[in-house]
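If you count by this note's numbering, then the sequence shown holds residues 47 to 173, one letter each, in order.
Report on one structure; see the data block that follows.
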Amino acid sequence: MEKVNLPPIPAKRYFTIGEVSDLCGVKPHVLRYWEQEFTQLRPVKRRGNRRYYQHHEVLLIRRIRELLYEQGFTINGARNRLDADGVRGAPGGGESGPPIPQESHGQSINVGQLQADLMAVIDLLRR
């Protein structure tokens, strides 16, 4: 599926499920289903179990939508990608710790050797 231009997110504290549906191009019943599948998605529930989404949750829903509809991920694949990206339920985008450098500065990493070395260290620690 091709990339869809979504409307800008207004500067509001809370959004209803209908507003989020319009902002993200996803029907309300899909949003409710995603709440069950993605633990990072936890809207505030008030009066009569009404859902109120915050700005970071709208961004998360857009990211989930992109993974599922535009990049073709399965629910499990999208969940794993969000976990790998460090997306959590807390506001602030889920960044935990320092950023991972994207450059290797000319060094190549042999993942198999690294894994073997780590396993050797674990074996030593168990003794």
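Glycine is no exception: its CB is placed at the ideal position from the N, C-alpha and C atoms.
{"Query": "Cross-strand partners of Thr-120 (DSSP beta bridge)", "Result": "BP columns for Thr-120 are empty, so no partner."}
{"Query": "For Gly-135, the three-state DSSP class (helix, strand or coil)", "Result": "Because the pLDDT at Gly-135 is just 47, under 50, the model does not fix this residue reliably, and the point stays unresolved."}
{"Query": "Extent of the continuous beta strand (DSSP E) to which Arg-97 belongs", "Result": "96-99"}
{"Query": "Test item: CB-CB of Leu-87 and Ile-107 under 8 Å", "Result": "yes"}
{"Query": "CB contact flag (Phe-61, Val-90, <8 Å)", "Result": "no"}
{"Query": "Cys-70 vs Arg-97 beta-carbon contact at 8 Å", "Result": "no"}
{"Query": "Alpha-carbon spacing of Asn-95 relative to Trp-80, whole angstroms", "Result": "17 Å"}
{"Query": "Candidates Arg-109, His-102, Gln-159 and Leu-170, of which the one nearest Arg-59 by Cα", "Result": "His-102"}
{"Query": "4-residue-minimum alpha helix (DSSP H) runs that sit fully inside the region 59-83, ordered along the chain", "Result": "63-70 and 74-83"}
{"Query": "Pro-54 versus Arg-173 - alpha carbon distance", "Result": "57 Å"}
{"Query": "CB contact flag (Leu-52, Ser-67, <8 Å)", "Result": "no"}
{"Query": "Reduced DSSP secondary structure (H/G/I, E/B, other) of Val-90", "Result": "strand"}
{"Query": "Alpha-carbon spacing of Tyr-99 relative to Glu-65, whole angstroms", "Result": "9 Å"}
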